[in-house]
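Read in order, the letters of the sequence shown correspond to residues 77 to 543 in full-length UniProt numbering.
C-beta atoms are modelled at their ideal positions from N, C-alpha and C, and glycine is treated no differently.
Model, not experiment: these values are computed from the prediction.
One structure is given below, encoded as structure tokens.
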Amino acid sequence: GRVWTGVGDLDEAAAARSVLIRGAAQAIRPVSKKMAFVVLRESMSTVQCVLVASADAGVSTQMVRFATSLSKESIVDVEGVVSLPKEPLKATTQQVEIQVRKIYCINRAIPTLPINLEDASRSEAEFEKAEQAGEKLVRVGQDTRLNYRAIDLRTPSNQAVFRIQCQVENKFREFLLSKNFVGIHSPKLIAGSSEGGAAVFKLQYNGQPACLAQSPQLYKQMAICGGFERVFEVGPVFRAENSNTHRHLCEFVGLDAEMEIKEHYFEVCDIIDGLFVAIFKHLNENCKKELETINRQYPFEPLKYLEKTLKLTYEEGIQMLKEAGTEIEPMGDLNTEAEKKLGRLVKEKYGTEFFILYRYPLGVRPFYTMPCYDNPAYSNSFDVFIRGEEIISGAQRIHTPELLTKRATECGIDASTIASYIESFSYGAPPHGGFGVGLERVVMLFCALNNIRKTSLFPRDPQRLVP
Ligand code: 4AD
């Protein structure tokens, strides 16, 4: 085969070399009958290809005409020689040009695309500036983007978002493996609800009623009963809630962990502390290009976090809110607005946008949550926040079948529907706890994006099943 060069690898060191590249024709600019420019893009990189008709180079005017007839986004192969431009190139990522010798169209795109990628890649500030200058630009709406996601995903910021998502997932695995966690896969076709409540997608399983797992919760606990001291899972989570908000999906990627607890459920919080500080550091140090790319379209301040993650009790949290004029029902839960406000207050007082809030009232937590030993009105549970929005919930779990049956019943769950789960705790089960993270939320909030649909490749929300 021939030797291909990646567009992102084209730099000064390649000057005067003959190369073969493939990319999407992002821009096509005719200059004259004898000259044209074609900008080729490959993932996050772009390079300017120059066509000049000349007998020496074997480039005909027909070839120049052919290049200018290409439709945008067509897939194009170019053979050419790398050259250094006279002036820095503003419109491309690569600071070299290709003097084209041959150009082939591999697959044509339709002449008019439903999304103009230039418009889809602009920041709000650019739109405003253009409008003030009297230019009429088209803002690409969220629905249009999602309807034509295969085009929308090509914007530099989307390319960056999903690279960052991959890094978060990878670091999650890497860190937990280093702490002796074992990766598992629990079933997604299950008999009943895992989190309690009615938010389940129902289906038929060989004539039996079944549903899609709302979380790996019950099975990751049973894996602990099964003798694995520490487990984690990365997998899909299904929620049939009709929540049309900026942060709810009907299917998301759950990063889950469960572990034996030796003395205190803060052992779980310590894992979260180490894990997330490692993730944030990794992103800031190793994903600079991606973060800058997102910043260009959606400007944001880097996340403020502490080397040792701040922990506050739920009571301290509602006290801070009270002092700032927001009354919270002491045994209730925080609504979205209160969480945001608490996030701002904590940032002002402690200088961090990442913290753990623990010891929630038992009544607002799922049935499997361990009540506090000193006061069973509270629970050994916690939520974790980035920029005032929840990314994790976790807790110590009940590990005795008697208390589990009692709590399930009190929470309106028929214990017979989860009998095999409850039974698992009667064969000898260690104290344990764990947590669940929403991957899309982590990426959304780390980058301060305003909608979870931006961090889901093909989002599933109550209105959307296609594409
Ligand atoms: O708070 P949740 O529902 O907790 C559980 O599933 C527990 N089994 C976790 C545990 O181990 N105790 O979900 C965990 C996380 C949330 O903090 C949030 O980040 C994310 O999953 N999440 C969602 N993300 C997108 N869309 C939704 N509808 C989500 N619901 C929860």
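Sort D87, A89, C125, M120 by Cα distance to A103 and report the nearest one. C125
| message | Can you give me the C-alpha to C-alpha distance between F342 and I468, rounded to a whole angstrom? | response | 15 Å
field: Beta-carbon contacts of I462 that lie in its chain and below 6 Å, excluding the five residues immediately before and after
entry: F430, L521
Using a Cβ-Cβ cut-off of 6 Å (strictly less than) and excluding sequence neighbours within five positions of R105, which residues of its own chain qualify?
F113
Residue environment, K247, which counts as buried when at least 16 other CB atoms sit within 10 Å: buried
TODO: Flag D332 as yes when its Cβ comes closer than 7 Å to any non-hydrogen atom of ligand 1, and as no otherwise.
DONE: yes
- Task: Give every residue of the same chain whose Cβ lies closer than 8 Å to the Cβ of D409, excluding the five residues on either side of it in the sequence, and list them in chain order.
- Result: Y436, P437, V440
Notebook entry, point to check: Nearest CA to the CA of A400: which residue from V422, G217, G273?
Noted result: V422
Worksheet item: Which parts of the region 317–378 are runs of the alpha helix (DSSP H), unbroken and 4 residues or longer, counting only runs that do not cross its ends?
Response: 342–362, 364–373
Leaving out five residues on either side along the sequence, give the residues of the same chain with a beta carbon under 7 Å from the beta carbon of P187.
-> S147
* Within the chosen definition, does the region 472–481 reach the region 492–502 through at least 3 CB pairs nearer than 8 Å? -> yes
message = Could you tell me the alpha carbon to alpha carbon distance between K264 and A316, rounded to whole angstroms?
response = 14 Å
- Query: For ligand 1, any of its heavy atoms closer than 7 Å to the Cβ of R315?
  - Reply: yes
Per the DSSP calculation, G311 is bridged to which residue(s)? G330
task: Say whether the region 189–206 touches the region 173–181, bearing in mind that this needs 3 or more beta-carbon pairs closer than 8 Å, one atom from each stretch.
output: no
Report task. Assign G419 to one of three DSSP states: helix, strand, or coil. Result -> helix
Is V276 helix, strand or coil when you go by DSSP? coil
Legend entry - Through-space distance from I370 to N183, alpha-carbon basis: 29 Å
Inset, instruction - Out of M111, F511, S270, Q170, state which residue places its alpha-carbon closest to the alpha-carbon of R141. - result: M111
Using only alpha-carbon positions, find the residue among G488, R517, P406 that is nearest to E460.
The sequence given here has Val at residue 460, not Glu. The option with the nearest alpha carbon to V460 is R517.
Is there at least one non-hydrogen atom of ligand 1 closer than 7 Å to the beta-carbon of A299?
no
inquiry  = Counting C-beta neighbours from all protein chains within 10 Å, is the total for G302 16 or more, i.e. buried, or is it exposed?
reply    = exposed
Here's a check: name, in chain order, each residue in its chain whose Cβ is nearer than 6 Å to the Cβ of T428, leaving out the five neighbours to either side. K380, Y381, L382, L386
**L127 and V83 closer than 8 Å at C-beta** = no
Checklist entry - Name the DSSP bridge partner or partners of H508? => result E336
### Query
Taking one C-beta from the region 148–159 and one from the region 235–251 each time, how about it: are there three or more such pairs within less than 8 Å?
no
Original post:
Q539: which of G272, L325, V216 sits nearest, CA to CA?
Top reply: L325
- Go through the region 453–529 residue by residue and report every complete run of the alpha helix (DSSP H) that reaches 4 residues or more, in order. 477–486, 495–499, 515–522
Inter-residue spacing [alpha-carbon to alpha-carbon] between D132 and S94 | 15 Å
Self-check item: R463: CB within 7 Å of a non-hydrogen atom of ligand 1
Solution: no
query: Does DSSP classify Y426 as helix, strand or coil?
result: helix
query = Just reading off the alpha helix (DSSP H) that K247 is part of, what are its end residues?
reply = 232–254
- Could you tell me whether the Cβ atoms of G464 and K416 are closer together than 8 Å? yes
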